[in-house]
Each structure stands twice: as structure tokens, then as C-alpha cells.
Amino acid sequence: IMGSLHMTVQTAVLIETLTALGAQVRWASCNIFSTQDHAAAAVAVGPNGTPEDPQGVPVYAWKGETLEEYWWCTEQVLIWPADASGHTGPNLILDDGGDATLLVHKGKEYELAGAVPDPAGADSEEFAVVLGLLQRSLVEDPTRWTKIADGIKGVTEETTTGVHRLYEMMREGKLLFPAINVNDSVTKSKFD
100 IMGSLHMTVQ TAVLIETLTA LGAQVRWASC NIFSTQDHAA AAVAVGPNGT
150 PEDPQGVPVY AWKGETLEEY WWCTEQVLIW PADASGHTGP NLILDDGGDA
200 TLLVHKGKEY ELAGAVPDPA GADSEEFAVV LGLLQRSLVE DPTRWTKIAD
250 GIKGVTEETT TGVHRLYEMM REGKLLFPAI NVNDSVTKSK FD
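Residues in the sequence shown are numbered from 100 upward in steps of one, following this note's numbering.
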């Protein structure tokens, strides 16, 4: 499971629960300012580790990330060591805001096209960072995002913006895997 949710104490409890149930987990924050560094450190160290010898969950999040750091962190939690079948990514995304889902979709789209648009033509500073990351990635491994996307069984999304992106991709026939709209769930207030 790859998570892109606010890295808080509450999220740490979710991560501990998932790992106690047997899940392999990697985590990034969905916001450059929301990470509680002590919670991220505790999850990374784990119950049996030390700061010098962390034994916990890989966490790529700290409060005050730059845009470049934020997208690098998101990339890192999507790239896993190969499992027995050779798969190198998560099979489930827990997303808040849709950024992890966007990165996988754009990565595969541009791999299939054989090129990434010039970041200088991006409509925002943030999307220029995404395009730069994907340009680098295409050079390093021209099938990385296709392999990652093909191994994902689904995504959960808990924001209105992220859900709208998913519905748009579905209408356009571009949604690569099933999605669960947590945002409109009757239990949404319990998740928040």
C-alpha cells in the first residue's frame, strides 16, 4: 500500500494498523506543510528500531518540503524493490488530493507517447516540477510508470478535487484502475 495522506499522529495509527494486518506500506505526505515530523520519525523508526537503525515503514515526508522535494517524495513511495513476481510498485494507493494518482497516470501517458512535454510550457510552477520529474524518469526507465500502473489494483480518494479528477478520467476512458470515492462516503467525517 502506498499512502499519500497528511503524515500526522492519526495517520501513524493507520499505518501501524495496516502493517499489523500484514501490509507492506510506504508513505508520503499529501501536503508540504502538514507533516508532523515526530509522527513521521516514529513510523520510520518503528517499534523495534532506533534512530540509528530504523526498522519501520519507509516514510518520505517532512514539514516544509519544497515542490521539488514533495514530488520526489511522492515518486519514492511509488517505486518499490521488486517482489517475487518482479513487480516494483504498490498495488493500492490511498490518496488525498489525487497527486499520487496523477503522477502514475501522467507517467504512463507520457511513456506511451514516448516524450514528456517541455516543463517551460507548463501552466503552473508545480506542474513544471512534475514534468521535469517525468522527463528524468523517462530517461532512467522508459517503462517505469507503465509497470507501476499495471500493478495497481485500485485507489481510494478522499478529496473533492481528487474525486473530480477521477470522474473526469473515467469519462474520458483514461482511468487506469478502479477507484473508491471516499469523499462522498457516509463515514467521511470519521476519516477526517
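C-beta: ideal position from N, C-alpha, C; glycine also.
Source: prediction; values computed, not measured.
What first and last residue would you give for the alpha helix (DSSP H) that runs through residue i?
i       : result
Ser-103 : From DSSP, Ser-103 is part of no alpha helix (DSSP H) but of the beta strand (DSSP E) over 101 to 103.
Gly-212 : It should be pointed out that residue 212 corresponds to Ala in this sequence rather than to Gly. Unbroken alpha helix (DSSP H) run through Ala-212: 198 to 212.
Lys-246 : 243 to 250
Ser-184 : From DSSP, Ser-184 is part of no alpha helix (DSSP H); its letter is neither H nor E.
So the candidates are the options; which of them puts its Cα closest to the Cα of residue i?
i       : options                               : result
Thr-242 : His-186, Thr-258 and His-263          : His-186
Glu-257 : Ser-184, Ala-141 and Thr-286          : Thr-286
Asn-280 : Gly-196, Leu-237, Glu-224 and Gln-175 : Gly-196
Ala-278 : Val-156, Thr-173, His-204 and Ala-140 : His-204
Gln-154 : Ala-139, Glu-167 and Leu-166          : Ala-139
Which two residues bound the contiguous beta strand (DSSP E) that contains residue i?
i       : result
Leu-191 : 191 to 194
Gly-253 : 253 to 256
Ala-278 : 278 to 280
Give the DSSP-derived three-state secondary structure of residue i in the structure shown.
i       : result
Ile-114 : helix
Ala-127 : strand
Thr-144 : The sequence as given places Val at residue 144; Thr does not occur at that position. Here Val-144 sits in helix by DSSP.
Val-158 : strand
Ala-119 : helix
Gly-261 : helix
Thr-149 : coil
Thr-173 : helix
Glu-225 : helix
At a threshold of 7 Å, does residue i count as lining the ligand SAM (C-beta to nearest heavy atom)?
i       : result
Gly-145 : The ligand SAM is absent from the structure shown, which contains no ligand whatsoever.
Would you grab the beta carbon distance between residue i and residue j for me? Rounded to a whole angstrom, and I think it's under 8 Å.
i       : j       : result
Ile-100 : Ala-122 : 5 Å
Asp-194 : Gly-253 : Between Gly-253 and Asp-194 the Cβ distance is about 11 Å, and since that is not below 8 Å, they are no contact.
Touching by the beta-carbon criterion (3+ pairs, under 8 Å), the segment 152 to 161 and the segment 226 to 238:
Flag = no, the segment 152 to 161 and the segment 226 to 238 do not touch.
Should the segment 150 to 158 be regarded as contacting the segment 208 to 215, the criterion being three or more beta carbon pairs within less than 8 Å?
In short, these stretches do not touch, since the Cβ pair count stays below three.
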